[in-house]
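Reviewing the structure listed below.
Below, the structure written as structure tokens:
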């Protein structure tokens, strides 16, 4: 049996897809895999901010079309790039183990921490979630929009004379950037920047009628990651989040309960509401929707 895996062509997307293929091969040595690179609208339009050209589906639509028409059997995405609703006929399969969900700041050479940065320092970030939370912590910073893959964004520190750029820790770790660049990389506390819902989780998307593929993927599932995904994605769905507004979520699994923290704000960042809720692991999705309801009511005040 041959499984065709669809992926975007960026270094990170290809690393993630090959990682999934390797893990599946370990558990299913009799299977054959083929990797197919698919260009998406988000890849083709690099010079415009995401919230100006559409929504999260910018990086997935063309891949999902090939899933639906049977040209590929499995799509590998970053879960944080996925819209809260999937097209009819598609579903998420099981999730493998999550990578670190925090954000990092890659600093200009000479700086060692976020607190080191001088007043008025210029930071690159294309995310409203990152921008407005960071400004709450350091109102003096000048945050400018930035697009491109990890290499491009880091290169822009020099090319565009930035003092730093903010990226997801997951990509930095998966591509081992810490050993490849001289720049200082600082992990940002979740108290300063709450991560995007499901950041660091891989989305393995399949057609609903492909029970055979779902069964194969079950061999690499991680239950802890699935609880976190369920809670954070339910919050995103409940709050009807998009890339136009700041939305963050973090699910922490303790011994006998989970603590879910959520963030929601206005498009201009004037209002940012952060709340948390506790409950049992079995009610992860319920908690996500409940927290969305609590924050939505707070926004109405």
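Numbering (UniProt numbering), first residue to last: 1 to 301. Positions of the beta carbon are idealized from the N, C-alpha and C atoms, including for glycine. Note that the coordinates shown come from a computational prediction; the quantities given were computed from them, not determined experimentally.
Does the beta-carbon of residue i have 16 or more other beta-carbons within 10 angstroms, so that it is buried, or is it exposed?
| i | result |
| --- | --- |
| residue 139 | exposed |
| residue 6 | buried |
| residue 182 | exposed |
| residue 73 | buried |
| residue 69 | exposed |
| residue 254 | exposed |
| residue 191 | exposed |
| residue 301 | exposed |
| residue 29 | exposed |
| residue 128 | buried |
| residue 81 | buried |
Does the separation of the CB atoms of residue i and residue j fall below 8 Å?
| i | j | result |
| --- | --- | --- |
| residue 94 | residue 217 | yes |
| residue 186 | residue 125 | no |
| residue 306 | residue 40 | Limits of the chain in this structure are 1 at one end and 301 at the other, which puts residue 306 out of reach. |
| residue 163 | residue 122 | yes |
| residue 288 | residue 238 | yes |
| residue 279 | residue 273 | no |
| residue 258 | residue 227 | yes |
| residue 180 | residue 107 | no |
| residue 291 | residue 263 | no |
| residue 78 | residue 249 | no |
| residue 188 | residue 116 | no |
Which class does residue i belong to by DSSP, given the choice of helix, strand or coil?
| i | result |
| --- | --- |
| residue 129 | helix |
| residue 152 | helix |
| residue 260 | strand |
| residue 249 | strand |
| residue 85 | coil |
| residue 273 | strand |
| residue 278 | strand |
| residue 90 | strand |
| residue 179 | helix |
| residue 64 | helix |
| residue 158 | helix |
| residue 205 | strand |
| residue 119 | coil |
Just to confirm the assignment, what range does the beta strand (DSSP E) spanning residue i have?
| i | result |
| --- | --- |
| residue 75 | 74-78 |
| residue 142 | 142-144 |
| residue 192 | Neither: residue 192 is in no beta strand (DSSP E) and is coded neither H nor E. |
| residue 174 | Counting along the chain, residue 174 falls outside any beta strand (DSSP E), though it belongs to the alpha helix (DSSP H) covering 169-174. |
| residue 103 | 103-107 |
| residue 186 | 185-187 |
| residue 33 | 32-37 |
| residue 3 | 2-7 |
Over what stretch of residues does the alpha helix (DSSP H) that includes residue i continue unbroken?
| i | result |
| --- | --- |
| residue 227 | 223-239 |
| residue 292 | 284-300 |
| residue 21 | 11-27 |
| residue 216 | 211-217 |
Would the beta-carbon of residue i be found less than 7 Å away from any heavy atom of the ligand MG?
| i | result |
| --- | --- |
| residue 236 | Of ligands this structure carries none, so the ligand MG is not represented either. |
Would you verify that the beta carbon of residue i is, or is not, closer than 8 Å to some beta carbon of chain C?
| i | result |
| --- | --- |
| residue 267 | Checking the listed chains, one finds no chain C in this structure; it contains a single protein chain. |
Quiz item: For the 8 Å Cβ check, are there 3 or more pairs between the region 164-173 and the region 188-200?
Solution: Segments in contact, yes.
Quiz item: Is the number of C-beta pairs between the region 82-93 and the region 151-161 that are closer than 8 Å three or more?
Solution: Cβ pair count under 8 Å is below three, so no.
Quiz item: Should the region 208-215 be regarded as contacting the region 134-150, the criterion being three or more beta carbon pairs within less than 8 Å?
Solution: No, the region 208-215 is not in contact with the region 134-150.
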